[in-house]
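**Q**
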Amino acid sequence: MRHFLDIRDRTGEDLVRLLDLAKRLKTARAGRPKGACDDDPALAGRRLLMLFEKPSTRTRLSFDLAIRQLGGDALDLDGAKLQLGRGESIEDTARILSLFGDAIAFRGRRHADLLTMAGVARVPVINALTDRSHPCQALADLLTIREEFGRIEGLAVAYLGDANNVARSLMEAVVTAGGEFRLACPADIPPDEDFRAFAAAHEGRVRLVHDAGEAATGADVIYTDTWHSMGLEHGEEANAIFAPFRVDAALMARAADHAIFLHCLPAHRGEEVVAEVIDGPASRVWRQAENRLHAQKAILIDCLAD
7 MRHFLDIRDR TGEDLVRLLD LAKRLKTARA GRPKGACDDD PALAGRRLLM LFEKPSTRTR
67 LSFDLAIRQL GGDALDLDGA KLQLGRGESI EDTARILSLF GDAIAFRGRR HADLLTMAGV
127 ARVPVINALT DRSHPCQALA DLLTIREEFG RIEGLAVAYL GDANNVARSL MEAVVTAGGE
187 FRLACPADIP PDEDFRAFAA AHEGRVRLVH DAGEAATGAD VIYTDTWHSM GLEHGEEANA
247 IFAPFRVDAA LMARAADHAI FLHCLPAHRG EEVVAEVIDG PASRVWRQAE NRLHAQKAIL
307 IDCLAD
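Residue 7 is where the sequence shown starts when you use my numbering, and the numbers rise one by one after that.
1. If I measure Cβ to Cβ from Asp45 and keep anything under 8 Å in the same chain, skipping five residues before and after, which residues do I get?
2. Assign Lys40 to one of two classes, buried (16 or more other C-beta atoms within 10 Å of its C-beta) or exposed (fewer than that).
3. Taking the Cβ atom as the reference point for each residue, do Leu166 and Ile228 lie within a distance shorter than 8 Å?
4. Closer than 7 Å by C-beta to Leu90: which residues in its own chain qualify, once you throw out the five before and the five after it? Chain order, please.
5. In terms of residue numbering, what span does the beta strand (DSSP E) encompassing Arg213 cover?
6. Apart from the five residues on each side of it in sequence, which residues of its chain come closer than 7 Å, Cβ to Cβ, to Asp217?
7. Relative to the C-alpha of Gly125, which candidate in Phe58, Ala80, Phe10 and Thr17 has its C-alpha closest?
8. Measuring CB atoms only, is the stretch 50–70 touching the stretch 15–31, in the sense that at least three cross pairs come out at less than 8 Å?
9. Hey, is the stretch 266–277 in contact with the stretch 195–211, meaning 3+ C-beta pairs nearer than 8 Å?
10. To test your reading of the DSSP string, which unbroken alpha helix (DSSP H) runs of 4 or more residues are found completely within the stretch 81–150?
11. By how many angstroms is the C-alpha of Ala111 removed from the C-alpha of Pro197?
12. Strictly by DSSP, which residues pair up with Met56?
13. Please report how far the alpha carbon of Leu83 lies from the alpha carbon of Arg260, in whole angstroms.
14. Would you mind working out which of Arg202, Val291, Arg113 and Glu278 sits nearest Glu59, comparing C-alpha positions?
15. So which of Lys87, Trp233, Arg92 and Ala164 has the shortest CA-CA distance to Ala221?
16. Look up His208 in the DSSP assignment and say whether it is helix, strand or coil.
17. Would you say Gly306 and Leu49 are within 8 Å of each other, going by their C-beta atoms?
18. Ordered along the chain, which non-local residues of its own chain (more than five positions away) have a Cβ less than 7 Å from that of Asp147?
19. Classify His234 as helix, strand or coil using the three-state DSSP reduction.
20. Need the endpoints of the beta strand (DSSP E) that His300 sits in, please.
21. Opposite Arg275 in the DSSP bridges: which residues?
22. Between Phe201, Ala183, Thr136 and Trp233, which lies nearest to Pro250 when the distance is taken from Cα to Cα?
23. Taking the DSSP output, what are the residues bridged to Val369?
24. Pick helix, strand or coil for Ile73, following the three-state DSSP scheme.
25. I think Thr122 touches Ile96, with their Cβ atoms under 8 Å apart; what is that distance to the nearest whole Å?
26. Mind reading off the beta-carbon distance from Leu310 to Pro130? Whole number of angstroms is fine, and I expect it under 8 Å.
27. Return the first residue and the last residue of the beta strand (DSSP E) that Leu268 is part of.
28. Can you have a look at Lys87 and say buried or exposed, based on whether 16 or more other CB atoms are within 10 angstroms of its CB?
29. Hey, quick one: how far does the alpha helix (DSSP H) through Ile6 stretch, first residue to last?
30. What distance in whole Å lies between the Cβ atoms of Arg138 and Arg174, which are believed to be in contact at a cut-off of 8 Å?
31. Since Gly160 and Gly18 are thought to touch, with beta carbons under 8 Å apart, how far apart are those beta carbons, to the nearest angstrom?
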């Protein structure tokens, strides 16, 4: 049984294998109706249980469609409507879900709950986002970058803004895949200790700075996310603190001429990014969003295929 909990649990070879599989799956479906099964559905008859404690658009849609294209089906569970919402333990919930599904995609408020679920469940558990990390997003990010440049090795990815769960998984993914990761964040809202420890352990491959222009200079990829992640809000006063890290045309001009812009969405135009950039020619955010589907199909096969 193989879980998908964090990027740092995987080797560079694992990531290459998943990316290769995702690309093959994507290529094979070109031009087909979204609701049609793959020609050779790898997970026929398998059921994915999706338990989300936080709102979701892209993750919910992409996992639902992914398992259906692979020949299985999905059941979308609202935690508030389960006994979990009335105090039943994560452990007992995991045991019950294991009886009725072949895999669990869990979006939780606390990363500790994900680890508890994975420790008890009798089926694979997939991290669909926690307060600590978002590995499914990171794999889709790598797929998008590799489609653009043909590689990840040697590329510089600059992330500007909040050192949140998305930033952590992106850092781990870029470094594991052989790239350079740069984080520019406010000195008043620094990365947590675990984030800094990973950066220190990969000195030379990770740069932590407090100047957006320094991080962006010569970068191949400029990436940002909302300044107010779900459950991790800093308060309205944070907008002024993060303002120097807004991605605008002047900041993109500091990057390499071929640089692309990524954002995991939802976006707040005028806050972390201006419309001119996210809707401009360097933006790859819609391809990035679509790649959630293909990356998560690869993850499901990796966790479930015999």
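No residue lacks a Cβ here, since even glycine has one placed at the ideal position from N, Cα and C.
**A** From the atom records:
1. Ala34
2. exposed
3. yes
4. Thr99
5. Val212 to Val215
6. Ala190
7. Phe10
8. no
9. no
10. 96–106 and 117–126
11. 27 Å
12. Asp82 and Ala111
13. 45 Å
14. Arg113
15. Ala164
16. coil
17. It is worth fixing the name first, because residue 306 is Leu in this sequence and not Gly. It is a contact, given that the beta carbons lie within the stated cut-off.
18. Leu176, Ala179, Leu268 and Gln294
19. coil
20. Run containing His300: none in the beta strand (DSSP E); it sits in the alpha helix (DSSP H), Val291 to Leu310.
21. Val279
22. Trp233
23. Residue coverage of the chain in this structure runs from 7 to 312, which leaves residue 369 outside it and unanswerable.
24. helix
25. 5 Å
26. 6 Å
27. Ile266 to His269
28. exposed
29. Here the chain comprises residues numbered 7 to 312, so residue 6 is not present and cannot be evaluated.
30. 7 Å
31. The Cβ separation is near 13 Å, so there is no contact.
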